[in-house]
Amino acid sequence: MTRADLIQIAYLVAAFCFILGLRWLSSPRTARKGNLVAALGMLIAIIATLVDGRVVGYTWIAIAAFVGGSIGALVARRVQMTAMPQLVALLNGLGGGAAALIAISEYHVAGAAGEARLGAVIAVSVMFSTIVGSISFAGSLVAFGKLQELLPGRPITWPLQTVINGLGAIVVLGLAAYASFNIHDPLLWLAAGIALLLGVSAVLPIGGADMPVVIAFLNACTGLAAAATGFALNNSLLIIAGVLVGASGTLLTQLMSKAMNRSVASVLFGAFGGGGGGGGSGVSATGEALPVLEISASDLAAQLVYARRVMIVPGYGLAVAQAQHPVRELADLLIERGVSVAFAIHPVAGRMPGHMNVLLAEADVPYDQLLEMEEANPDFPQTDIVLVIGANDVVNPAARDDENSPLYGMPILEVDNAENVIVFKRSMASGFAGVENMLFHDPKTRMLFGDARKSLTQLVQDVQAV
Amino acid sequence: MSLITELVILVLAAWVGIEVISKVPQMLHTPLMSGTNAIHGVVIVGAILVLGAAAGGTVETICGIVAVAFGAANVVGGFVVTDRMLQMFRRRPEPPKEGQG
Chain A
20 MTRADLIQIA YLVAAFCFIL GLRWLSSPRT ARKGNLVAAL GMLIAIIATL
70 VDGRVVGYTW IAIAAFVGGS IGALVARRVQ MTAMPQLVAL LNGLGGGAAA
120 LIAISEYHVA GAAGEARLGA VIAVSVMFST IVGSISFAGS LVAFGKLQEL
170 LPGRPITWPL QTVINGLGAI VVLGLAAYAS FNIHDPLLWL AAGIALLLGV
220 SAVLPIGGAD MPVVIAFLNA CTGLAAAATG FALNNSLLII AGVLVGASGT
270 LLTQLMSKAM NRSVASVLFG AFGGGGGGGG SGVSATGEAL PVLEISASDL
320 AAQLVYARRV MIVPGYGLAV AQAQHPVREL ADLLIERGVS VAFAIHPVAG
370 RMPGHMNVLL AEADVPYDQL LEMEEANPDF PQTDIVLVIG ANDVVNPAAR
420 DDENSPLYGM PILEVDNAEN VIVFKRSMAS GFAGVENMLF HDPKTRMLFG
470 DARKSLTQLV QDVQAV
Chain B
336 MSLITELVIL VLAAWVGIEV ISKVPQMLHT PLMSGTNAIH GVVIVGAILV
386 LGAAAGGTVE TICGIVAVAF GAANVVGGFV VTDRMLQMFR RRPEPPKEGQ
436 G
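If you read the protein sequences in the order shown, they are chains A and B.
First residue of the first sequence: 20, per the numbering used here; consecutive thereafter.
First residue of the second sequence: 336, per the numbering used here; consecutive thereafter.
Have a look at this one:
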């Protein structure tokens, strides 16, 4: 067996590890093992590549890998769980950038070897990888900036946005086609530059609430760009791994946009048109202020202790207020008293798919207390008290009842089917979508105003006193 | 490898990917994303081939160095942070005395 054969076998083992790792991610019991297996696969792949006969120099590889790897490890160990979406966006951008750079280098090598034009397969894969990788790089960095609040989270729009982006895309494609037939480095650099601008201008108009969709979409882009470099380099492992990620990103993109009631196209190509629905600020159609009923922490504590079933609906506001720990304490206390407690989690409850589950896991909430929307909704009619903490749009009944609402059709947690609803809220401001929430004015709803962390801490004390 | 072989690999990988990933529960979607994120860091393999074979050419060397560094950060950061998240997912230590929660 030649060395090349052995390398191919190592790649096969690596691909097997990746797939097994993803398979084990289907249960929280095996998930950690799955991640380790995938990492082992990556190690095997990298070692196999290092012994490839084509690799002659090691100094720069060692230096670059050490610097990149150390930074990656450092950031990954330090990052707060609330900042996970930013980190995923950033790492995703790096992967996309790497794919684009590989393609640019392959293009250069072909030119330096005296070729005048690229073969069809190489041309398509090099151009795809350059363009999609660049878009993913720039788009991910903008998403990172928005999530890290270095850039404003609201949609940034300008006139003729879609038209300009469309023209940019046409220019890039034309340039790529021309550059394939006339190898000349600056042509590809120009195409990559325009693709970077496209990535920026595609993500800038997307609002903070739509970020879960964008991150999943960019994840798919990077995966496919990596697969394309596999075609350019004739490397089966890159194709397999890239396509696995592409499939995952595509599935999550669809899932997220469905949960937000938006088509993928409308997220990517249209800024969110807020407003509409029941007016702006707690005012009914006829102009009079709608009633809002309040409750005190001590009254609520008494009610909670005597409840049979309590459901907690956490939104991103809970994480912003750093209230995961007090909410877990409250749940534990109530469970001790024989109350059945569960958390109902909407798919877009955080800033990325599944984000809220991670935040609650960090606060030691056991995962068997976490219910998905489909499991929780049939439960609400048997629930005595629902605590809505820092969530707004995902419990807005307008999504079900009001055809004129921009939220209409979005799957929601139907908390208004429960006996009592308590909404923890800082003030009467509207949610991310800027839509009025009639749940707050429902006769069975009581508001507990204030910082969620303080309210919950107070509530924990009051429950202990009951 | 012929183009046909590569396309066969592509289609089968896409199929396996969709089958496997659609079984991942919503609860684990964030680790799934950061884990797949780490997996696309496999571009580091391509970056190593580019940089390792670069015989002194400036463009290949610069592209290769940056690509290897990006890829390494992507791979290491992705797997480390996924592990950090997954070790937090725990079942309840003991079954509750009452209630069905």
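Note that the Cβ used here is the ideal one computed from N, Cα and C, for glycine as well.
Counting contacts by CB-CB distance shorter than 8 Å, is residue i in contact with chain B?
| i | result |
| --- | --- |
| L257 of chain A | yes |
| P385 of chain A | yes |
| G88 of chain A | yes |
| V5 of chain A | This structure gives no information on residue 5 of chain A, because the portion of chain A shown stretches from 20 to 485. |
| V413 of chain A | no |
| A214 of chain A | no |
| T68 of chain A | yes |
| N201 of chain A | no |
| W177 of chain A | no |
| G297 of chain A | With a pLDDT of only 34 at G297 of chain A, under 50, the local geometry of the prediction cannot be trusted, and the value read off the model is given with reservation. False, the Cβ-Cβ gap to chain B never drops below 8 Å. |
| A95 of chain A | yes |
| T248 of chain A | yes |
| A395 of chain A | no |
| R472 of chain A | no |
| G409 of chain A | no |
| G261 of chain A | yes |
| E391 of chain A | yes |
| G428 of chain A | no |
| A228 of chain A | no |
| F35 of chain A | no |
| G373 of chain A | yes |
| A439 of chain A | Note on residue identity: the sequence assigns Asn, not Ala, to residue 439 of chain A. So no, N439 of chain A is outside the interface. |
| T21 of chain A | no |
| E381 of chain A | yes |
| A29 of chain A | no |
| H344 of chain A | no |
Rank the options by C-alpha distance to the C-alpha of residue i and give the top, closest one.
| i | options | result |
| --- | --- | --- |
| L192 of chain A | A:F156, A:M146, A:I183 | A:M146 |
| I63 of chain A | A:Y30, A:E393, A:I82 | A:Y30 |
| V385 of chain B | A:M447, A:L426, A:W79 | A:W79 |
| V401 of chain B | A:V332, A:I123, A:I354 | A:I123 |
| V339 of chain A | A:A108, A:V324, A:A368, A:A188 | A:A368 |
| H344 of chain A | A:E381, A:L106, A:G187 | A:E381 |
| L256 of chain A | A:D461, A:G53, A:G60 | A:G60 |
| L475 of chain A | A:S424, A:A484, A:L312, A:L349 | A:L349 |
| A404 of chain B | B:G376, B:I339, B:G391, B:V415 | B:G376 |
| A108 of chain A | A:I189, A:V232, A:V74 | A:V232 |
| L19 of chain A | A:G112, A:A316, A:A118, A:A196 | The requested residue 19 of chain A does not occur in the structure, where chain A is confined to residues 20 to 485. |
| V324 of chain A | A:I213, A:F362, A:G76, A:D481 | A:D481 |
| I374 of chain B | A:V75, A:G40, A:Y77 | A:G40 |
| G381 of chain B | A:F250, A:V56, A:D435, A:A316 | A:F250 |
| A316 of chain A | A:I441, A:G268, A:A157 | A:I441 |
| P372 of chain A | A:M103, A:A395, A:I431 | A:M103 |
| V161 of chain A | A:G130, A:V86, A:Q105, A:V360 | A:Q105 |
So is residue i buried or exposed if we call it buried at 16+ other beta carbons inside 10 Å?
| i | result |
| --- | --- |
| Q388 of chain A | buried |
| W43 of chain A | buried |
| S337 of chain B | exposed |
| P47 of chain A | buried |
| E395 of chain B | buried |
| D229 of chain A | buried |
| R419 of chain B | buried |
| E313 of chain A | exposed |
| H365 of chain A | buried |
| L215 of chain A | buried |
| Q530 of chain A | As shown, chain A starts at 20 and ends at 485. That puts residue 530 of chain A outside it, with no answer to give. |
| G133 of chain A | exposed |
| F443 of chain A | buried |
| R465 of chain A | buried |
So, using beta-carbon positions, are residue i and residue j closer together than 8 Å?
| i | j | result |
| --- | --- | --- |
| V264 of chain A | N280 of chain A | no |
| A245 of chain A | G261 of chain A | yes |
| M429 of chain A | A418 of chain A | yes |
| L478 of chain A | V414 of chain A | no |
| V411 of chain B | G88 of chain A | yes |
| S155 of chain A | N184 of chain A | no |
| I258 of chain A | L363 of chain B | no |
| R370 of chain A | L166 of chain A | yes |
| T68 of chain A | S148 of chain A | no |
Does any C-beta atom of chain A lie closer than 8 Å to the C-beta of residue i?
| i | result |
| --- | --- |
| G436 of chain B | Unreliable placement is indicated for G436 of chain B, whose pLDDT of 43 sits below 50; the coordinate value is still reported in the next sentence. Cβ-Cβ to chain A under 8 Å: yes for G436 of chain B. |
| V343 of chain B | no |
| I383 of chain B | yes |
| I339 of chain B | no |
Quiz item: Enumerated in chain order, which unbroken segments of the beta strand (DSSP E) with a length of 3 residues or greater are wholly contained in the stretch 303-389 of chain A?
Solution: 328-333, 359-364
Self-check item: Residue ranges of each beta strand (DSSP E) within the stretch 407-476 of chain A, 3 or longer
Solution: 439-444, 464-468
Quiz item: Considering only residues of the stretch 363-424 of chain B, which uninterrupted alpha helix (DSSP H) runs meet the minimum length of 4 residues and lie entirely inside it, listed in chain order?
Solution: 364-375, 378-388, 393-421
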